[in-house]
Amino acid sequence: MLLDALLLQIGYNATLVTLGSAALGLAAGATGTFLFLRKRSLVADAVSHATLPGLALAFMLMVALGGDGRNLAGLMAGSALSAWIGLLSVSWLTRRTRLAEDAAIGAVLSVFFGFGIVLLTVVQTLSAGRQAGLESFLLGSTAGMLFSDAILIAAGGLLVLASALALRRPLLMVAFDPGFAETQGIDIHRMDLAIMTLVMAITVVGLKVVGLILIVALLIIPAATARFWSNRADRVVLLAGLFGGLSGYIGAAISATAPGLPTGPIIVLTGFAVFTASLLLAPGRGVLSAALRHRSHQRQVHLRQGLLALAQDQPVYEALTRRLLRRNGLQRADGVPTSEGHSRAAAALRDETRWQALRSSAHLSELSARDDGLTLILDVLTPDQIAELDRRIATAPGTA
Amino acid sequence: MTLALPRTAPDQSPLAIRGLTVSYGEQPVVFSIDMTVQDGAMTAIIGPNGAGKSTLLKAALNIVKPLSGRITVYGQPLAQQAHRIAYVPQRASVDWDFPTEVLDVVLMGLYRDLGLLGRVRAHHIRQARDCLARVGMEDFADRQIGQLSGGQQQRVFLARALAQKADLYLLDEPFAGVDAATESAIIDVLKSLRAEGKTVVAVHHDLSTVRAYFDNVFLINRRKMGEGPIAAAFTPETVQATYGGRLADGQISQLTMGA
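Chains as they are written, first to last, in this note's numbering: chain X, 54 to 453; chain A, 285 to 543.
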């Protein structure tokens, strides 16, 4: 059943929802990365909650004008307008008052959402509103998604994605070093508004699928996931798009396999599963890799200590150390070092002396954290820095 | 030593500031500052902590918006000449866990060439690597920036500024918390820039090296406390006036006398 869903074999509506969700996830993941790297993830929460009053007002207006209140494009326009007002409020409060951004976000988010809920209650008392199901926009509802809706979502998502990618260079510069970006002629305030506008557009586009409460997860979780896998911002953006798109596709497919499985929350949970897998398995920043590194680190430390003991003609007490020395062909069974053992021991002692000198140096000592028994000092310092260290060693024989 | 003659009228100075006041909230941090940077020389901005040294630099770059004042760069408004200025911010001002590598940071210095969508081409990479080589970091191009020492981070920032091929270099505490090798590598680069006729202005905190490194000083403690060639402006009296009781008398005369 799940395989059928993943291969888009279980019906027209499910196929529309799955493809629409994948497009939304892709766009949200990549766009959200810029926000994540700018360390302003929470603003997205304020923006998304601020869509609600506009949504309800747009519905009322369309009904009052005698149209169909559920027209998705109309609802999107209303949401965008009120999200924009919410965004400007946060921006204004942060810039013009002494309020910190977190307080401004909290205030705007709750006030707009509260007002939106009031309007929603009013809508439900209207005769036309009872069947409107506007509350489905809180958590998303994909039942009865129209072809035009899916096209709107996919096209909107891809348009946002294209805009974010076009602006990637200034956005990343502002995220890394705003002061420098300003000297390059980049208007920081305008870039922040641009990324927020794109986030707002994603929120509006995603209303139908994941709803306004959970959209922030689709913006942030893929970026946090991707950060485990790469140390380069451009790859983090691409990976976040990939993870977001996969979460959207798989989550929507899963929710299509059984009636009553809500699409939006399942997509978010799928994204979370990818996040958890990355947290555990990613090389470098992952938990498992950290544990393996610890083990290998322990062995390297033992080997290193053994070599230093050999270099200084001291006995090796620990069994693990002796075993490692023997297995690496550095020491014979009777405890006598091999010729390779001698030369490796001398090299280790030289490296150790330099690390010791580095520890006592006024400005390089912060690098001593990188002395893990694995790293050679040659990999950490520039040649002139090493020459400077060697000069210090030569003038202060006591440091060895 | 270089030219002691002040050959810089405000309309040709690389950086001329008139009546600059910057205030955070209602607290003026620098008040009514006039400054005329001499072309082709190295100028140190010195003063005690909280005297507004960094703020002066940031206001000169329009990163901080001043309350009042006029800034001209090579005789023209800043906006038209901004491309001729390279800025080296304080190292501590950015998050070094940001996912980027050394070469990518240096490439940021080429933003004015690359623009929004321009492709990074082989000659851009070459240019960035040359700048890294100039600060002794050519082997570190592919490192994650979080793995660098403070001095290496500072060198990367300097390389990024070099990539801009600017005429005026503004540096904010380039020697703060760096190792001795980095300090001499940086000063070598700055002196080579001066030899090419470029102008260097650095916020500097170490009074003992002012005389060895710089041609001119600008003393500031919220207000301008002195300006000019080292011999004339970096005297026990001016330093005492700028730092007040923060330095002992013997210390001051020792620092300011010729070595």
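We put the beta carbon where it would ideally sit given N, CA and C, even for glycine.
Query                                                                                                                                                                       : Result
With a CB to CB cut of under 8 Å and the five nearest residues on each side skipped, what residues in its chain are close to Pro106(X)?                                     : Ser135, Phe165, Phe168, Gly169 and Leu172
Going by C-alpha distance, which of Pro368(X), Tyr370(X) and Ile446(X) is nearest Asp404(X)?                                                                                : Ile446(X)
Apply the 10 Å Cβ neighbour rule to Phe190(X) and answer buried if 16 or more other Cβ atoms are within range, or exposed otherwise.                                        : buried
Looking at the secondary structure, which residues open and close the alpha helix (DSSP H) in which Arg388(X) lies?                                                         : Reading the sequence as shown, one finds Gly at residue 388(X) and not Arg. No alpha helix (DSSP H) holds Gly388(X); DSSP gives it neither H nor E.
With a threshold of 8 Å on Cβ separation, who are the neighbours of Glu385(A) within its own chain once the five nearest residues in sequence on each side are excluded?    : Ala425, Asp426, Arg427, Gln428 and Ile429
In chain order, what are the residue ranges of uninterrupted alpha helix (DSSP H) at least 4 long that sit wholly in the segment 72 to 118 of chain X?                      : 94 to 102 and 104 to 117
Does DSSP put Phe315(A) in a helix, in a strand, or in coil?                                                                                                                : strand
Does the beta-carbon of Met54(X) have 16 or more other beta-carbons within 10 angstroms, so that it is buried, or is it exposed?                                            : exposed
Tell whether a beta-carbon distance below 8 Å holds between Arg272(X) and Ala97(X).                                                                                         : With the sequence shown as reference, residue 272(X) is identified as Leu, and Arg is not the correct amino acid for it. In this structure, Ala97(X) lies closer than 8 Å to Leu272(X) by Cβ.
Compile a chain-ordered list of the residues in the segment 451 to 477 of chain A whose CB is closer than 7 Å to at least one CB of chain X.                                : Gly461, Val462, Asp463, Ala464, Ala465 and Ala469
Look at the Cβ atom of Ile514(A), then the Cβ atom of Arg495(A), and state whether they are nearer than 8 Å.                                                                : yes
Which ranges would you report for the alpha helix (DSSP H) in the segment 308 to 346 of chain X if only whole runs of at least 4 residues count?                            : 316 to 334
Along chain X, in chain order, which residues have C-beta atoms closer than 7 Å to that of Val378(A)?                                                                       : Phe229 and Asp230
Check the Cβ of Glu441(X) against every Cβ in chain A and list those closer than 8 Å, keeping chain order.                                                                  : Asp463, Ala464 and Ala465
Have a look at Ile430(X) and Ala83(X) and give me their C-alpha separation to the nearest angstrom.                                                                         : 38 Å
Would you check if the segment 303 to 318 of chain A and the segment 337 to 344 of chain A touch, i.e. whether three or more CB-CB distances between them fall below 8 Å?   : yes
Is Arg423(X) near the ligand HEM - that is, is its Cβ less than 7 Å away from at least one heavy atom of it?                                                                : Judged by which ligands are present, the structure shown has none, so any question about the ligand HEM falls away.
Could you check what DSSP says for Glu188(X) in three-state terms: helix, strand or coil?                                                                                   : coil
Pop quiz: Leu455(A) and Ala486(A) are said to be a contact at Cβ under 8 Å. What is the actual Cβ separation, rounded to whole angstroms?                                   : 4 Å
According to DSSP, which residues form a beta bridge with Phe296(X)?                                                                                                        : The partner list for Phe296(X) (beta bridge, DSSP) is empty, contrary to what the question assumes.
In the DSSP assignment, what are the bridge partners of Ala300(A)?                                                                                                          : Thr320(A) and Thr356(A)
Taking only runs of the beta strand (DSSP E) that begin and end inside the segment 168 to 236 of chain X, which ones reach a length of at least 3 residues, in chain order? : none
Give the residues of chain X in contact with Gln428(A), contact being defined as C-beta atoms less than 7 Å apart.                                                          : Asn284
Could you give the first and the last residue of the continuous beta strand (DSSP E) run that contains Arg507(A)?                                                           : Arg507 to Pro513
So which residues on chain X does Thr384(A) lean against when the C-beta distance must stay under 7 Å?                                                                      : Phe229, Arg285 and Ala286
Can you check DSSP and say which residues form a bridge with Thr327(A)?                                                                                                     : Val485(A) and Asn500(A)
Using 8 Å as the Cβ pair cut-off and three pairs as the minimum, do the segment 400 to 413 of chain A and the segment 238 to 255 of chain X touch?                          : no
Can you find a C-beta in chain A that's less than 8 Å from the C-beta of Met226(X)?                                                                                         : yes
Going straight from the alpha carbon of Gly303(A) to that of Thr406(X), what length do you get?                                                                             : 55 Å
Given a limit of 7 Å on CB to CB distance, which residues of the segment 347 to 379 of chain A reach chain X?                                                               : Ile347, Ala366, Ile369, Tyr371, Pro373, Ser377 and Val378
Are the beta-carbon atoms of Val227(X) and Arg93(X) separated by less than 8 Å?                                                                                             : no
If we define contact as Cβ-Cβ less than 8 Å, is Asp437(X) a contact residue for chain A?                                                                                    : yes
Please confirm whether Ala443(A) and Leu416(A) have their CB atoms less than 8 Å apart.                                                                                     : yes
Determine whether the Cβ of Asp292(X) lies closer than 8 Å to any Cβ atom of chain A.                                                                                       : The sequence shown places Leu at residue 292(X), rather than the Asp named in the question. Chain A, which has no Cβ nearer than 8 Å to the Cβ of Leu292(X), makes this no.
Are the CB atoms of Thr526(A) and Val321(A) nearer to each other than 8 Å?                                                                                                  : no
Using the Cβ count rule (16 or more neighbours within 10 Å means buried), how would you classify Asp424(X)?                                                                 : buried
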